[in-house]
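Under the working numbering, residues 249 to 429 are what the sequence shown spells out, in order.
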Amino acid sequence: MILGTAYSLPPIRLKRFPFWSTFCILAVRGVVVNFGLYWHFLAGTGLGPATPPHLLALVGFMIGLSMAIAWFKDVPDVAGDRRFRIFTLAVRLGVRRILQVGLGLLTLVYLGMLFWGFTAGSGLQPLAAGLFHAGLLAGLHRKARRVNPNDLASLTRYYRFIWLLFYLEYLAYPLLHYLGR
Numbered sequence: 249m250i251l252g253t254a255y256s257l258p259p260i261r262l263k264r265f266p267f268w269s270t271f272c273i274l275a276v277r278g279v280v281v282n283f284g285l286y287w288h289f290l291a292g293t294g295l296g297p298a299t300p301p302h303l304l305a306l307v308g309f310m311i312g313l314s315m316a317i318a319w320f321k322d323v324p325d326v327a328g329d330r331r332f333r334i335f336t337l338a339v340r341l342g343v344r345r346i347l348q349v350g351l352g353l354l355t356l357v358y359l360g361m362l363f364w365g366f367t368a369g370s371g372l373q374p375l376a377a378g379l380f381h382a383g384l385l386a387g388l389h390r391k392a393r394r395v396n397p398n399d400l401a402s403l404t405r406y407y408r409f410i411w412l413l414f415y416l417e418y419l420a421y422p423l424l425h426y427l428g429r
C-alpha cells in the first residue's frame, strides 16, 4: 500500500520517473502479488510458507511481463507527456524503440517459459505448457507486426493485448500445473 501511494500521489509521485515507475509496477505485480497470494493460500491449508520452483518461474515470468507493461503504459500518451514535460521512457527513447525493446523482453520471457515448461521439475504439463506459451508468443509477434507506432488506436489495442497476455497466464498457469501432477 505504501508503494502504491508513493507511486500515485504527490509530492512523491514515482510514476513520473521511468526507473521508479517500472520498479513499482514489477515489484507489486511481479513479486508481491505472486508470493503474497501463494503464501496466503498455502497458509490457509495449514502448511508453512514454501517457495517451489513453479512459483519462482511464475514470478520471473511476471517480472518480465510487468516490466514490459510498465514500458508500454506510457506509449499511448507520449504526446501528452511531451507537452507536459513528463520524461517517461517512451518520451526519452521513442515509441518505436520501446516497442522493439518490449517485444524483445517479452520474447525472452516466453522462450524462458517454453524451455522451463519442458524441464522435469517444472510441475507443468510439458506439451500443454509448450503449446500454450508458443501460441501466445506467436500471437504476440503477429500483433507486434500489425501495430502502427503513429496510430493511437493501434498502440492502445497493442497495450491492451499485452494485458490480455498477463491475465491469460494467470488463468492458464494453475491449469497447466494441475495437469502436470
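Each residue gets a CB set at the ideal place from its N, CA and C atoms; glycine is no exception. Quick caveat: nothing in here was measured; it's all calculated off a predicted structure.
Non-local beta-carbon contacts of L427 in its own chain, meaning distances under 6 Å to residues more than five positions away in sequence, involve Q373, A376 in chain order. Taking C-alpha positions only, N282 is separated from T253 by approximately 20 Å.
Rounded to whole angstroms, the gap between the alpha carbons of G371 and M361 is 12 Å. Per DSSP, reduced to three states, the secondary structure at M249 is coil, with no helix or strand assignment.
Below 8 Å, enough C-beta pairs join the segment 307 to 324 and the segment 345 to 352 to call them touching: three or more. Judged by their CB atoms, H288 and H425 are not nearer to each other than the 9 Å cut-off.
Shown here, D399 sits in coil according to DSSP, grouped into three states, outside any helix or strand.
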